[in-house]
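Quick note on my numbering: the sequence shown kicks off at 18 and runs consecutively.
Contents: one structure, followed by commentary.
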Amino acid sequence: MVETSLPKEIGFLGALSIGAGAVLGPGEYIVSGEVAAEIGPASVLAFLIVGGLMCLTALSYAELGPMLPLAGGSYHFVKEGWGPSGGFLSGWACWIGLITATAFYTIGAAHFISELFFPWLSVGSLVLIITGIFTFINITGARMTTVVSTYASSF
């Protein structure tokens, strides 16, 4: 098996921004108001508990990443522990989960943008526009994705 490496196009700030965006994600901004309205001050405790669990996941990736510096990270982590079948199932589960989460984030963002800025546009139209914009950003490559992530993570 030939091991190839990806070009190193993302610097420290870019990696930090992409990581912060992946850990925080848009869900916290879309859902946090609803959680606070539902459970009140206990929402602070809930966010602290979830944040602690997220830190455990981040620490696992921080330990495993340097040990297995291969493209496809989490697939390789599971493959090393549970073999190719485990890696395959884990990779597909991760992929399907990311697609599902991205769809929900896009719909949530479209609702938010529609209510604030474009009430005359349908949510479906905004979902298509947002999807098109982010597809274009990702197709242009890691450098453009890093610039957008750095800008978006700073807000």
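The beta-carbon is built from N, C-alpha and C at its ideal position, and this holds for glycine as well.
Please read all numbers here as calculations on a predicted model, not as lab measurements.
Burial state of residue i (16 or more Cβ within 10 Å)
i	result
L143	buried
A32	exposed
V95	buried
A127	buried
T123	buried
T162	buried
DSSP three-state assignment for residue i, whether helix, strand or coil
i	result
S170	helix
G38	helix
S131	helix
E26	coil
H109	This sequence places Trp at residue 109; His is not what is there. Three-state result, W109: helix.
S91	helix
S139	coil
G158	coil
P86	coil
CB-CB length for residue i against residue j, believed under 8 Å
i	j	result
G104	H93	7 Å
G38	S170	5 Å
E26	A159	4 Å
C-beta contact flag for residue i and residue j at 8 Å
i	j	result
I35	S131	no
L106	E97	no
V48	S60	no
Member of the options whose CA lies at the smallest distance from the CA of residue i
i	options	result
L115	P101, G100, S91	S91
G89	C111, G100, S77, L73	C111
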